[in-house]
Each structure stands twice: as structure tokens, then as C-alpha cells.
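First the structure, in the form of C-alpha cells, and then the observations on it.
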Amino acid sequence: MGQDEPVLGPLISSTGHMGLRLQTQNLRVLCDPWVSPGGAYLGARFPFPDNSHLRLMPGLWHAEWVAVSSAHLDHMDLAFLSALSDGVRVVIPEYPSSVFRDRLSEAGVKDIVEVAAWERLPLNDRGDWLTAIPEQSPAEHRAAFLIVADGVSVLHGNDARLSLSQTRRAMVEVGGPLDLMALDASEPRFKAVKRLVRSVKPRLVMTYSGPACFLDPALAQHNQHLCEPGELPTETLRMLPGDSVRIAPTTHDVIRDPHWEGFAYSEHLDAYASSRAQEIAEVWAAHPDPGAGSGLAKRFKEHFVRLGRLSPYFLERISMTVRFDVSGADGGVWDVDLGASHSQQAPQYTFSVEARWLEAVLSGEIRWDDLFLSRRLLIEHTPDADGTYLFGLLKHADADALQAVEDYDKRDPNATVTLSAGDRAFEVTRYCPHSGEDLAEGAVIDEAPEGLVLRCLAHNFDFSLTTGLCLNARCEPISVAAPV
Ligand code: FES
224 MGQDEPVLGP LISSTGHMGL RLQTQNLRVL CDPWVSPGGA YLGARFPFPD NSHLRLMPGL
284 WHAEWVAVSS AHLDHMDLAF LSALSDGVRV VIPEYPSSVF RDRLSEAGVK DIVEVAAWER
344 LPLNDRGDWL TAIPEQSPAE HRAAFLIVAD GVSVLHGNDA RLSLSQTRRA MVEVGGPLDL
404 MALDASEPRF KAVKRLVRSV KPRLVMTYSG PACFLDPALA QHNQHLCEPG ELPTETLRML
464 PGDSVRIAPT THDVIRDPHW EGFAYSEHLD AYASSRAQEI AEVWAAHPDP GAGSGLAKRF
524 KEHFVRLGRL SPYFLERISM TVRFDVSGAD GGVWDVDLGA SHSQQAPQYT FSVEARWLEA
584 VLSGEIRWDD LFLSRRLLIE HTPDADGTYL FGLLKHADAD ALQAVEDYDK RDPNATVTLS
644 AGDRAFEVTR YCPHSGEDLA EGAVIDEAPE GLVLRCLAHN FDFSLTTGLC LNARCEPISV
704 AAPV
């Protein structure tokens, strides 16, 4: 691999799943490394294809910075992160709640740096930097990282749903087309990714390996998306764990990991599952069925009393009965009324789950989101049930995160934002009159023959910062004023 040799331009290596490593002569950054042998989500999900051979390359895991995009356990490998050497800084995006940071701290991760959206974090004294681009809606806490090193730009998109305007803003930040966009192009994301790539025309696209696979035989039916991604409308590098690309300003050079010679997607899974049987058995052994008299029902009730106090706004919108069909010696069928009193109503959602996995949530070992992603829970619902706020409440289970969603839902259409260009500032309509893009994030100010214009990056409409009129499309004007 030659990981420690001097390189010309950054060397980008796939570390498996949605992980990558960027190395220059002066910088080493790991993004979303996931290598723990036990996988994640209660032994349910594992990187695909198997990246365990990379554990034998210790140099690959040395870095000054580790960027972790979300608290999802296939991005936040707590066993790996808690074993980092002193002095390695862990960068995370700033989200509306402290849950992500708290989970890292509780796991023993020491040096955590939170980066606000679009804030440039210097990575060394040579001008290399990184920023975080969280998804626009706070309903999901996922983010991309944009890194510029040795003058080369890398957008580590992972599974964040970046909008077109955010991607265009990233191009504005780096002053031109992105050199490398690393993207999750697996189904069902493929079509959206293809549209994005066609619109922003990066120099190179890197598709991650994956998606994650299920190696527990009890979950094998969820492996239907394991196939090679389709064709994208630009030069695309399909990177398997250990593959690298060296990117110079005008050239690139792919270095394939010989480990994958003769690799076939279709033949990998059975042997991989056998190799993890021990780890999966250990997960089951560590989560025994709570015996009769364990107090599971009482803890369950207390848990939902606490959740029910977090957000009246969410409760009002959930307004349904949810049934938990809990199997095990101390299980039962328990209905929870969330929102208005529906105690006599039939449940709209039914969650069927083994008591052992529910106990992991009630004890705080995992969160509801982790349990959903584990697929160790069966979800059924009536045809007309809308679970948006139910899943929001359970996934976040945090007052600050829920408040952020409420604030986002209640955005004031007359709100304004102050944007500046050089030493001039303009107070303008915050949400684009065309289709609601948040101009606080999705706009740039540019020179035009008509004077300064505000360009909404969602669909490239230009608005005069003198008159507010839209200059290149039929669209309502924005308001423009000098801030007081
Ligand atoms: S939302 Fe379409 S141009 Fe602004």
C-alpha cells in the first residue's frame, strides 16, 4: 500500500463501508472508520465487503484527525474511537443536541472538536481545512465533510442527503469543481446521487463499498441490496477496502489492493458470515432474555413516561396508540398512548421485538434508532398511519433535538437573514420565494452587470441586491434592506 511513503497530492484510501482516509505529507485524516470485528447494531450490521484484512495494516489507522459524521454506529465505531492515542482529535458536526458528543465522551473519547456548518477548521498550518455540511432538515443528524488538502478538494458525502444547493455551495467554498466526491450510490440512493453528479460535475466520483450487510442468519433476508452500483455520469472509481487513489491537480492514479483479485460480490457473503459467527454468538450471549420478574414492564412504562414529556409538539402530531409485542419470559403486549387519549383505539403501529433487545434500549446501552437499524424489531402499521413524528420522537429522544425539528417546521415565511459581501451587508428574505431554499446557507453573493446579485444555489435564480427582483427567471422578488 505504501501508506507512509511521500506522495504527490493526497492519497485517498477506502477503509471499508463509508470510511476513507486522506493522507498528504503533512496530514492524515480518517473519516468514519468502522472496523470493529463485532460490527454494529447488536451484531446485526457489518461492513460489506469484509474490511478486516485492513486491521493488519496499523499504519492505515494512524491519523492526527478522525472525522465522524454521525452517531450512527456504522459511522461512530466506539470501540475504535475510544482506543485512539492521546492527541488524536475527533471532529464531529455540530447538531442541535449534545447526544452525539455525550455518547463519545461516555465511551472515553477525549479530544472532541465540534464544527458548525460551513465553519472552516484548520487542519494544520499549511492551509488545509475541513468543514461539516449537515443535512438541511434537523429531522436527521447526518452530515458530509468537505476537506481541502494540498489544494485538492474531497467531499466525503457518506450517507448524508446533501441538497444540490449545498453541493454547489461546497464548490463555491473550494473555488471550482470538486476534485473528488465520495458518495453512497447504493440503492435506494442511486437515482438521487446520479442527478446530483450530473448537476455538479465533479472531476472524480468515488463510490463507497457496501451497503452494510447482515451476517446473523436471523437477519439474512435484509441483504437484498448487495450489488455493484450502477454507472454514474462522470469518471467513477469503485473503491473496495484498501483501494487507493492518488489525486494530483490534473492527474490521478488508482492503486488497487491485491486482496480483492478475483472478488465477486455474489460469492462473498457466506464465508464472511461464517467468519463472524463467534462475534454474533457473543452478542446473543451478552443479551440474555430477561427472566420472569425482571421488572421489564415497569421500566418500559417509566421509559415512555419520560419520552412523553420531551415534546408536546411531537405528541400532538403522533396522537396514536402504539403496540409493543414483546416476546420473552417477562414480555407481554403493551399499548402506549402517545398524544391525545386513544386508549380504546386500535394501535396504528405495532413493534414486535424480543425482550432481550428491548432491554438494551431501556438500559441505555443503545438507542431506539440503533434498534430500528438493527432490524431486530418488526414494524407493522395500518395503511393510513403516518409515523414521521413517532419515529422522530423515538430516534432522537432528546428535548433539544425535538425542539430543533419543531422550530424548523414553524419557520416564519417572512423571516430575514443578514448576508455580507466584503464590507457590505444585506438583510434579505430568508427563504427563497421560488421553492423555499434557506438562503442563510444556500446562497452566494456575486458580481453581475446589474450590480451585486444574490444567487440561490438551489436552482441558480439571481436576485438583484438593489431592487430584490429576480433577474433570470419568473419569480417573486426578495426583500432587501440594509441591516440596522
Ligand atoms: S429555491 Fe429555486 S431558486 Fe431558490
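When we follow my numbering, the leftmost residue of the sequence shown carries the number 224, and every step to the right adds one. For every residue, glycine included, the Cβ atom is placed at its ideal position computed from N, Cα and C.
Neighbourhood of the ligand FES, defined by CB distance below 5 angstroms to any of its heavy atoms: Cys655, His657, Ser658, Glu660, Cys679, Ala681, His682, Phe684, in chain order.
In terms of Cα proximity to Ala704, the closest of Leu387, Gly691, Ala696, Leu680 is Gly691. Around Asp592, the same chain offers Lys618 as residues with beta carbons nearer than 6 angstroms, after the five sequence neighbours per side are excluded. Assigned with DSSP and collapsed to three states, Asp592 falls in helix. When only Cα atoms are considered, Gln568 and Asp334 end up about 50 angstroms apart. DSSP places Trp257 outside both helix and strand once states are collapsed to three, so it counts as coil.
In the structure shown, Glu525 falls within a helical segment according to DSSP collapsed to helix, strand and coil. The C-beta distance from Val322 to Leu304 rounds to 15 angstroms, too long to meet the 8 angstroms contact threshold. Annotation: the continuous beta strand (DSSP E) that includes Ile668 extends over 666 to 671.
For Leu561, the enclosing beta strand (DSSP E) has its first and last residue at 555 to 561. A residue is called buried when at least 16 other Cβ atoms come within 10 angstroms of its Cβ; Ile602 does not meet this threshold and is exposed. A residue is called buried once 16 or more other Cβ atoms fall within 10 Å of its Cβ, and Asn683, having fewer, is exposed. Take Glu582, set aside five residues on each side of it, and the residues of its chain with a beta-carbon closer than 6 angstroms to its own are Pro513, in chain order. Here the C-alpha atom of Arg278 lies approximately 54 angstroms from the C-alpha atom of Ile701. By the CB criterion at 8 angstroms, Ala415 and Leu530 fall outside the cutoff.
Membership of Glu396 in the alpha helix (DSSP H) is indicated by the continuous run 387 to 397.
With distances taken between CA atoms, Asp309 lies nearest to His285 out of Leu296, Pro316, His285, Pro319.
Annotation note: the region 412 to 499 contains the following uninterrupted beta strand (DSSP E) runs of length 3 or greater, listed N- to C-terminal: 427 to 430, 459 to 461, 467 to 470, 475 to 478.
Across the structure, Leu519 and Ser586 are spaced so that their CA atoms are roughly 10 angstroms apart.
DSSP, reduced to helix, strand and coil, places Gly331 outside both helices and strands of the structure shown, so it counts as coil.
Counting other Cβ atoms within 10 Å of its Cβ, Arg343 stays below 16 and is therefore classed as exposed. For Ala696, the secondary structure class from DSSP, reduced to helix, strand or coil, is coil. Looking only at Glu317, Ser467, Ala306, Leu283, the smallest Cα-Cα distance to Asp623 is reached by Glu317. Taken atom to atom, the span from the alpha-carbon of Lys633 to that of Phe686 is near 25 angstroms. It is roughly 11 angstroms from the alpha-carbon of Asp255 to the alpha-carbon of Leu301. Here the alpha carbon of Thr430 sits roughly 16 angstroms from the alpha carbon of Val423. Secondary structure of Ile701 (DSSP, three-state): coil. Comparing alpha-carbon positions, the option among Ala663, Asp661, Glu629, Glu673 lying closest to Pro319 turns out to be Glu629. For a cut-off of 8 angstroms, the C-beta gap from Val428 to Val397 is around 16 angstroms, too long to register as a contact. Counted as a single uninterrupted DSSP element, the beta strand (DSSP E) harbouring Arg244 occupies residues 242 to 247. Looking at the DSSP output, Gly587 shares a beta bridge with no other residue.
Note that the region 325 to 333 does not touch the region 244 to 259; fewer than 3 beta-carbon pairs, one per stretch, sit closer than 8 angstroms. Residue nearest to Arg251 within the set Met241, Arg461, Ala366, Arg312 is Arg312 (criterion: CA-CA distance). Take the alpha-carbon of Glu664 and the one of Arg412: they are about 23 angstroms apart. Scanning its chain for C-beta atoms nearer than 6 angstroms, with the 5 sequence neighbours on each side dropped, one finds around Arg579 the residues His510, Asp512, in chain order.
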